[in-house]
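Notes for the one structure printed next.
Numbering (the numbering used here), first residue to last: 0 to 277.
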């Protein structure tokens, strides 16, 4: 296999870091992205990987990231939109968006859009890290994406993970004919720093309780990410689909996944939120 150029966001910790180490061991060219410059450097430098620190709560930093990528490569084999978080408090970003949706969906939508020409000409795969929380907690309401009424961390997170699934289906519907493929997957319940910013409530209780012993290692979650990165569309996975685990049939965790009108409307709304054409 030829050396591939792979972008991984959320690469400074958890499954992103573990997957980066595995891919570097194969000799892949990695462009790694993380919020913390120090943590990102600790992962990237031993691997000889290129890196860019960006806070996805700021869309100007996502735009700077896209420019940095374009200055370094005219080919992208895989874009792994893996960054994300769960947040206990409702925060409105400097861009005017609710933080959970912006960090977990809007930023990935914008980055993918800004790199779209290169992704299409490369026949790239876009891999979106979603979650089973999409089905358990998500219910997209285009009139309340900001959660400016009663905020619940897991509802906001579930909405953002359902957004990842609709985004994946939308990418496939719009760009499969041009050679682009996209897949979303559930990484499993991972023992990492992913939810440390929740600051309280059920998620923090779970991670601090004996139940945390049942969490999977970041390496186990990375196995799922690597399955998507390495998979052949149409053989190992179907473009536009969501998978709960490698080798299983595609899952439809939420009825809204089948609502093509919602998918299209959400695409247009996502474009408006990040300031690009739909």
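Backbone N, C-alpha and C fix where the C-beta goes; we use that ideal spot for every residue, glycine too.
Cα separation between residue i and residue j?
i: residue 144; j: residue 239; result: 23 Å
i: residue 34; j: residue 11; result: 8 Å
i: residue 253; j: residue 66; result: 35 Å
i: residue 46; j: residue 8; result: 16 Å
i: residue 232; j: residue 178; result: 10 Å
i: residue 190; j: residue 216; result: Only weak support exists for where residue 190 lies, its pLDDT of 49 falling under 50; the value from the coordinates is given anyway. Those two C-alpha atoms are separated by around 6 Å.
i: residue 96; j: residue 241; result: 26 Å
i: residue 60; j: residue 230; result: 30 Å
i: residue 271; j: residue 176; result: 24 Å
i: residue 58; j: residue 107; result: 10 Å
i: residue 148; j: residue 137; result: 16 Å
i: residue 141; j: residue 135; result: 19 Å
i: residue 110; j: residue 37; result: 22 Å
i: residue 49; j: residue 245; result: 28 Å
i: residue 91; j: residue 150; result: 12 Å
i: residue 68; j: residue 13; result: 23 Å
i: residue 21; j: residue 186; result: 16 Å
i: residue 199; j: residue 89; result: The pLDDT assigned to residue 199 is 49, lower than 50, so where the model puts this residue is not dependable; a value taken from the coordinates is nonetheless given after this. Whole-angstrom Cα-Cα distance: 13 Å.
i: residue 130; j: residue 164; result: 9 Å
i: residue 237; j: residue 117; result: 22 Å
i: residue 113; j: residue 98; result: 20 Å
i: residue 75; j: residue 262; result: 26 Å
i: residue 28; j: residue 247; result: 29 Å
i: residue 234; j: residue 93; result: 42 Å
i: residue 15; j: residue 264; result: 30 Å
i: residue 70; j: residue 158; result: 34 Å
i: residue 274; j: residue 24; result: 38 Å
i: residue 72; j: residue 115; result: 13 Å
i: residue 4; j: residue 174; result: 20 Å
i: residue 39; j: residue 276; result: 32 Å
i: residue 6; j: residue 44; result: 15 Å
i: residue 269; j: residue 168; result: 14 Å
i: residue 160; j: residue 19; result: 22 Å
i: residue 126; j: residue 64; result: 18 Å
Would you grab the beta carbon distance between residue i and residue j for me? Rounded to a whole angstrom, and I think it's under 8 Å.
i: residue 146; j: residue 155; result: 5 Å
i: residue 77; j: residue 267; result: Not a contact, Cβ separation roughly 27 Å.
i: residue 42; j: residue 31; result: 7 Å
i: residue 218; j: residue 79; result: Actually they are not in contact, since the Cβ atoms of residue 218 and residue 79 sit about 16 Å apart, beyond 8 Å.
i: residue 172; j: residue 139; result: About 17 Å separates the two Cβ atoms, so there is no contact after all.
i: residue 128; j: residue 166; result: Not a contact, Cβ separation roughly 12 Å.
i: residue 170; j: residue 152; result: About 27 Å separates the two Cβ atoms, so there is no contact after all.
i: residue 26; j: residue 2; result: 6 Å
i: residue 243; j: residue 251; result: Wrong, their Cβ atoms sit about 10 Å apart, outside the cutoff.
Since residue i sits in a beta bridge, which residues does DSSP pair it with?
i: residue 120; result: Note: residue 120 sits in no beta bridge, so no partner.
i: residue 247; result: According to DSSP, residue 247 bridges with nothing at all.
i: residue 126; result: 79 and 182
i: residue 232; result: 236
i: residue 97; result: 91
i: residue 4; result: 28
> With contact counted as at least three CB pairs below 8 Å, one residue from each stretch, are the segment 223-236 and the segment 109-122 in contact?
Replying inline: no
>> Using 8 Å as the cut-off, can you tell me whether the segment 70-89 makes contact with the segment 102-118, which would need three or more C-beta pairs spanning the two stretches below that distance?
In response: yes
> Should the segment 252-263 be regarded as contacting the segment 47-60, the criterion being three or more beta carbon pairs within less than 8 Å?
Replying inline: no
>> Runs of 4 residues minimum, wholly inside the segment 141-193: which ones carry the alpha helix (DSSP H) assignment?
In response: 152-174
>> Suppose only complete runs of 4+ residues qualify. What are the alpha helix (DSSP H) ranges in the segment 15-92, listed by chain order?
In response: 36-46 and 58-71
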